[in-house]
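For reference, the structure is listed below as structure tokens.
Numbering (the numbering used here), first residue to last: 33 to 656.
Put into structure tokens, the structure is as follows:
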């Protein structure tokens, strides 16, 4: 077995049209400026793909990029990123996955691949240290994701596959690896448009080791200590999965109910992580390696099932007024088999229920009723009847039939399961998120609604918080390491852990930059430097790490502005701007205009939301 110090720095360039591949290298400057994962994927496509490319055309490219820390043994580092132009939104989209493909690909000797073109007939790819084999996929085309992955794994140790939804170009089709998914933005449809059923890698040819083992082990030990001490990472998420958030969101009034009409419901506890863990006797079933272990399986109606994550519970449960965990689990399994994002599927189904209620379309679907939902999920996957229109997403369906006021999306992407009328800073992050209504560009709702560290209805300082978290998370997605580690890294260092919550609230509201500086992010750049063998300079390295995240975020924004994105798109669904939640007597809405201009100024954008030339120059982004 060969040995790789940190990164392989080799890129596969694959052309499906010609069925040829070539090899290129990661430039050291690009490695320093964009790390790996999301940052590297964006840079690769920025250099190779023209603006205005059809997301479902052969000229669209998709990049798969491994994390720098993958394979080193760092906790929660077994993640990889995919970047492409989204068929759902028409702008750049990235997605993260913790499935086994990433480790197989990196230990086969590669850091990234870029795929373009379209195969003349269905194919799948087999990747080893020597390169790529193009194999006919006629035997697996049409199979669901589980069956297809099982078939492809005869050729390797990790795979990514699409299901019928991807083959049928459902605009929110996803990509599966193990029981994890590249979920958002329709990446499965991109592979389907290229006649690419899947990719399998033969891993285990190389061992990944950090350059400075002693420093890496020291940082790693502290990382594990923080994770195992934190109430979220070692407590609620480890014990109950991410749907431990259900009770927290319900209490805070930010749980999506009845297509984001309400923020809480008396039956929400029935679908909470605590209840499901007890009822289904759950056990760990998580990404590898993982120190948090938020993924769970359980016995549901006598069958071994993956327990749905919080976002699925929120969008396909409470948002449809359904509070039966067995039913939601079965719908989750259907979406997994067909290869569809459960957030967009749930958001689109909620729009369809309300549109039916208002007489705009005929579906037979009703809030609070299970009848017809499973059938509609199948009709969407196979584009049958009204399912063909719903397969385009809620934005497109509402533009065709009416009901745009209650189509809950941003930039065409359906909103994740946190109602921003109860956490207005998070509302700003939804509005300005590069890929559309994204809960992973920040997690500001936790400070506003869960931890009491910021006022949920105040606007002061929220632009600064959003910028800080966007920069931090963009850098994390480029290492690549799980977002949930932020709970431990932010909250467990002694300075912030020993500070009383009222003091933190006071600082956050009045001295926001000081409060954010208490959130020590030094652990991530420490691990980066020890992995690649660069000297770590206290504080300076942390500032450079945050600047790297800023560069990645702004590059993505710049790429989106070339596709026509501007201030007009940095908004929220009309319902969230004009209607209060049913659970809120004060009828709060999101005052987006009070925050947006301040955010643009902090970001170095002009008044229309376009990055200024001097901002791009400061960050070293070449203007194209």
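From the three backbone atoms N, C-alpha and C, an ideal C-beta is built for every residue, glycine too.
Check	Outcome
To the nearest angstrom, how far is it from the Cα of residue 662 to the Cα of residue 523?	No answer is possible for residue 662: the residues shown for the chain start at 33 and end at 656.
Kindly indicate the opening and closing residues of the alpha helix (DSSP H) around residue 478.	Taken as a continuous stretch (DSSP letters only), residue 478 belongs to no alpha helix (DSSP H), as it is neither H nor E.
Assign residue 446 to buried or exposed, taking buried as 16 or more other Cβ atoms, counted over all protein chains shown, within 10 Å of its Cβ.	buried
Using beta-carbon positions only, say whether residue 454 and residue 481 come within less than 8 Å of one another.	yes
Helix or strand or just coil, what does DSSP make of residue 60?	helix
Start and end of the alpha helix (DSSP H) containing residue 139?	Careful: residue 139 lies outside any alpha helix (DSSP H) and carries neither H nor E.
Please list the terminal residues of the continuous alpha helix (DSSP H) segment that includes residue 367.	357–370
Looking at the structure shown, is residue 692 part of a helix, part of a strand, or coil, going by DSSP?	Residue 692 falls outside the range modelled here, since the chain spans only 33 to 656, and no answer is possible.
For residue 512 and residue 98, what's the separation of their Cα atoms in angstroms?	7 Å
Could you give the uninterrupted runs of the alpha helix (DSSP H) lying entirely in the stretch 502–555, keeping only those of 4 residues or more?	517–523, 526–529, 533–542, 544–549
Could you check whether residue 200 and residue 414 sit closer than 8 Å to each other, using their CB atoms as the reference points?	yes
For residue 116, does the three-state DSSP call read helix, strand or coil?	strand
Specify the secondary structure class of residue 156 as computed by DSSP and reduced to three states.	strand
Excluding sequence positions up to five away, which residues of its chain have a Cβ less than 6 Å from the Cβ of residue 349?	303, 360
Tell me whether residue 469 is buried or exposed, calling it buried when 16 or more other Cβ atoms sit within 10 Å of its Cβ.	buried
Are three or more beta carbon pairs between the stretch 591–609 and the stretch 117–134 nearer than 8 Å?	yes
Got a sec, what are the start and stop residues for the beta strand (DSSP E) residue 47 sits in?	42–47
With a threshold of 16 other CB atoms inside 10 Å of the CB of residue 196, please say whether the residue is buried or exposed.	buried
Counting only runs that start and end within the stretch 143–230, where is the alpha helix (DSSP H) found for 4 or more residues in a row?	177–184, 196–199, 219–225
Identify the continuous alpha helix (DSSP H) that holds residue 419 and give its terminal residues.	419–422
Using the three-state DSSP reduction, which class does residue 438 fall into: helix, strand or coil?	helix
For residue 445, which beta-bridge partners are listed by DSSP?	442
Out of 421, 92, 572, 143, which one is the CA nearest neighbour of residue 149?	92
Within 10 angstroms of the Cβ of residue 495, are there 16 or more other Cβ atoms? Answer buried if so, exposed if not.	buried
Could you tell me which of 314, 341, 343 sits nearest to residue 335, measuring between CA atoms?	314
Among residues of its own chain, excluding the 5 on either side of residue 170, which ones have a beta-carbon nearer than 8 Å to its beta-carbon?	153, 154
How many Å lie between residue 157 and residue 208 at the Cα?	15 Å
Of all the options 370, 271, 573, which has the alpha carbon lying nearest to the alpha carbon of residue 325?	271
Please determine, among 344, 630, 502, 220, the residue with the shortest C-alpha to C-alpha distance to residue 474.	502
Which of the three DSSP states, helix, strand or coil, is assigned to residue 338?	strand
Hey, residue 265 and residue 477 are a contact pair by Cβ (cut 8 Å); roughly how many whole angstroms apart?	At roughly 17 Å, the Cβ-Cβ gap does not stay under 8 Å, so residue 265 and residue 477 are not in contact.
At which residues does the beta strand (DSSP E) containing residue 126 begin and terminate?	124–129
Quick check on the DSSP output: the beta strand (DSSP E) that includes residue 324 runs from which residue to which?	Taken as a continuous stretch (DSSP letters only), residue 324 belongs to no beta strand (DSSP E), as it is neither H nor E.
Less than 8 Å separating the beta-carbons of residue 540 and residue 371?	no
Which first and last residues belong to the beta strand (DSSP E) in which residue 239 is found?	238–241
Do three or more CB pairs link the stretch 432–444 to the stretch 604–618 at distances below 8 Å?	yes
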